[in-house]
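J.: Here it is: the structure, laid out below.
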Amino acid sequence: MKKGLTTTAVGLALILSTGSAVADQDSDLVINGEIEVTVRADAPAHLENLDQIFSGWTFRSSETQALQMDDFENPGMIFVDEGITAWNTVEGEAGESCASCHGAPEEMAGVAATYPKWDEAAGEVQTMTMQVNDCRTEQMGAEEWAYDKSDMLNMTALLASVSRGMSVDVAIDGPAAEMWELGRDLYYTRTGQLELSCANCHEDNYDNNIRADHLSQGMINGFPTYRLKNARLNGVHSRFRGCVRDTRAETYAVGSPEFIALELYVMSRGNGLDIEGPSVRN
Amino acid sequence: MADNVTPRVRVPRDATAGETITIKTLISHPMESGQRKDSDGNTIPRSIINRFTCAFNGETVIDVTLEPAISTNPYFEFQAVVPEAGSFEFTWYDDDGDIYTETKDIAVS
């Protein structure tokens, strides 16, 4: 028995020492050995209750972290490839594809870091998902994609991937201020039978464990996220929905004004971190 | 035929003679097990990659039989000794008769 245990220990040590990308809470995220991603930063000025902000990546195990450090290992990149196919596909009555207006996906570098943002023409705060659908209906004459479903997530994952390593910088003033304040109010409002607000977990108790899960600050710089629990991409609003549901509340709908406001507010909490979607999480 | 099937392979560009290298392969494929039912209660027919092979200059490196329990987008990572310069040929066999191949050259210094 003792011998068996010893052998196991040696085996484990070997695996750990040969891993090229052993990482932990203090390590830095470099993707493919070239894209440096800021995963910890000083909190933006509007954030009164935190000094430092951390990407969810820093809270994950070294094995999960390693998956995101190499595009070949990152299962989310499979969906990015599908997004590239969709990018180049002509759809709709206008005979246009994304590529025919925008060129290569890389032309969109930096775009993901600024959403959600105020759209003057539409007179509302728009998420990247809404902008993509605007393009589809207005420019391409194509059908809308369903919010947070696979076609849309493939596309937002592609748009996020070309902005990796670029600093999140969403505007919270001017015409977006009203939605931002609504989002902040929602963030601090307790919901459900458990009477929990976003802040109770992600501000007051980040870095603590909620049962077996290591609580993060709930940053959304890594969305869409490939989750190991469901082996697919997950959108921000679907994630919000899961969180609100877990407080045992009736949730807002995916794509609702409340979640758009919350997305704007939560994204602004991450101003200073870098875009890292598609990220890999539990 | 299954949609969006794309093989991906990572092989180092060069090696020293006799070196053991690590090869990573992934093919995007739904790997429908044949056990699931759709919303109308009808069985969704099985559609999987049932065999994967890798050969180096015609010599078999690995030959794998895949079963329905293997999940979506099967990923293989294995090692091979490279005695000389040449090319790795990877082949995936689909249930529907399609064959996907990928070739990677490796130089020996």
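Each protein sequence line maps, in turn, to chains A and B. For the first sequence, the numbering used here gives the first residue as 1, with consecutive numbering after it. For the second sequence, the numbering used here gives the first residue as 1001, with consecutive numbering after it. Each residue gets a CB set at the ideal place from its N, CA and C atoms; glycine is no exception. Computed from a prediction, not measured in an experiment: that's the story for all the values here.
Give a yes or no on whether the minimum CB-CB distance between A:Ala-231 and chain B is below 8 Å.
T.: Yes, because at least one Cβ of chain B sits closer than 8 Å to the Cβ of A:Ala-231.
J.: On the DSSP bridge assignment, give the partners of A:Val-30 in chain order.
T.: A:Glu-36.
J.: My guess is that A:Val-280 and A:Asn-74 are in contact by the Cβ rule of under 8 Å, so how many angstroms apart are they, rounded?
T.: About 6 Å; that satisfies the 8 Å criterion.
J.: Using the Cβ count rule (16 or more neighbours within 10 Å means buried), how would you classify A:Tyr-188?
T.: Exposed is the call here.
J.: Taking a cut of 7 Å between CB atoms, which residues from the region 217-241 of chain A lie near chain B?
T.: Going along the region 217-241 of chain A in chain order, one finds Ala-231 with a Cβ nearer than 7 Å to chain B.
J.: May I ask you to report which of helix, strand or coil DSSP gives A:Leu-228?
T.: Of the three classes helix, strand and coil, the one that applies to A:Leu-228 here is coil, per DSSP.
J.: Once you ignore the five residues that flank A:Leu-158 on each side, which residues in its own chain have a CB closer than 7 Å to its CB?
T.: These residues qualify, in order along the chain: Val-80, Gly-83, Ile-84, Trp-87 and Pro-105.
J.: Starting from A:Glu-63, trace the alpha helix (DSSP H) both ways and give me its first and last residue.
T.: A:Glu-63 -> alpha helix (DSSP H) spans 62-67.
J.: Taking B:Ala-1055 as part of the beta strand (DSSP E), name the residues at either end of that continuous run.
T.: Note, B:Ala-1055: beta strand (DSSP E), 1049-1056.
J.: Step through the CB atoms of chain B and report whether any lies within less than 8 Å of the CB of A:Ile-84.
T.: No - not a single Cβ of chain B is within 8 Å of the one on A:Ile-84.
J.: Taking only beta-carbon positions, decide if A:Pro-105 is within less than 8 Å of chain B.
T.: Not closer than 8 Å to any Cβ of chain B, the Cβ of A:Pro-105 fails to qualify, so no.
J.: Counting only beta-carbon separations shorter than 8 Å, does B:Lys-1024 have a partner in chain A?
T.: Cβ-Cβ to chain A under 8 Å: yes for B:Lys-1024.
J.: Please classify A:Ala-23 as buried or exposed, where buried requires at least 16 neighbouring CB atoms within 10 angstroms.
T.: Here A:Ala-23 scores only 47 on pLDDT, less than 50, and its place in the model should not be relied on; the value that follows carries that caveat. Buried, by the Cβ-count rule.
J.: Would you give the residue range spanned by the beta strand (DSSP E) that B:Thr-1103 belongs to?
T.: Unbroken beta strand (DSSP E) run through B:Thr-1103: 1099-1108.
J.: Any idea which residues DSSP pairs A:Asn-271 with across the strands?
T.: BP columns for A:Asn-271 point to A:Leu-273.
J.: Would you please verify whether the beta carbon of A:Val-30 is less than 8 Å from any beta carbon of chain B?
T.: Not an interface residue.
J.: Is the beta carbon of B:Phe-1052 less than 8 Å from the beta carbon of B:Trp-1092?
T.: Their beta carbons are under 8 Å apart, which means B:Phe-1052 touches B:Trp-1092 by this criterion.
J.: Measure the alpha-carbon distance for A:Pro-44 versus A:Met-77 and round it to whole angstroms.
T.: Roughly 30 Å separates the two Cα atoms.
J.: Tell me which residues of the region 1068-1090 of chain B have at least one Cβ-Cβ distance to chain A shorter than 9 Å, keeping chain order.
T.: Taking 9 Å as the Cβ-Cβ cut-off against chain A, the residues of the region 1068-1090 of chain B that qualify are Ser-1071, Thr-1072, Asn-1073 and Tyr-1075.
J.: Measure the beta-carbon distance from A:Ser-268 to A:Trp-145 and round it to whole angstroms, keeping in mind my assumption that it falls under 8 Å.
T.: Rounded, the Cβ-Cβ distance is 25 Å, inconsistent with contact.
J.: For A:Met-140, which of A:Asp-173, A:Cys-101 and A:Leu-215 has the nearest alpha-carbon?
T.: With distances taken between Cα atoms, A:Met-140 lies closest to A:Cys-101.
J.: Please check if any C-beta of chain A sits within less than 8 Å of the C-beta of B:Arg-1010.
T.: Yes, its Cβ sits closer than 8 Å to a Cβ of chain A.
J.: For a contact meaning CB atoms closer than 8 Å, what does B:Thr-1020 contact in chain A?
T.: Those do not exist, as B:Thr-1020 stays about 12 Å from chain A at its closest Cβ, beyond 8 Å.
J.: Closest Cβ-Cβ distance between A:Ile-35 and chain B: below 8 Å?
T.: No - not a single Cβ of chain B is within 8 Å of the one on A:Ile-35.
J.: Between the alpha carbons of B:Thr-1103 and A:Leu-29, how many angstroms are there, rounded?
T.: Between B:Thr-1103 and A:Leu-29, the C-alpha separation is close to 31 Å.
J.: Using a C-beta to C-beta distance shorter than 7 Å, which residues of chain B count as neighbours of A:Asp-151?
T.: Chain B residues near A:Asp-151: none, gap ~12 Å exceeds 7 Å.
J.: Would A:Pro-278 pass as an interface residue toward chain B - the criterion being a Cβ-Cβ separation below 8 Å?
T.: With 8 Å as the cut-off, A:Pro-278 does not count as an interface residue toward chain B.
J.: Have a look at B:Gly-1018 and B:Tyr-1100 and give me their C-alpha separation to the nearest angstrom.
T.: The straight-line gap from Cα to Cα measures roughly 29 Å.
J.: What are the complete beta strand (DSSP E) segments, minimum 3 residues, inside the region 170-242 of chain A?
T.: Qualifying beta strand (DSSP E) stretches, in chain order: 225-227 and 232-234.
J.: Who are the neighbours of B:Thr-1103 on chain A, taking C-beta pairs under 9 Å?
T.: Simply none; closest approach about 17 Å.
J.: Within this structure, are the beta carbons of B:Thr-1072 and B:Pro-1045 separated by less than 8 Å?
T.: Cβ distance not < 8 Å, so B:Thr-1072 and B:Pro-1045 don't count as in contact.
J.: Roughly how many angstroms separate the alpha carbons of A:Phe-59 and A:Gln-126, rounded to a whole number?
T.: So the alpha carbons of these two residues sit roughly 29 Å apart.
J.: In angstroms with no decimal places, state the Cα-to-Cα distance between A:Asp-70 and A:Glu-276.
T.: Computed Cα separation, rounded: 12 Å.
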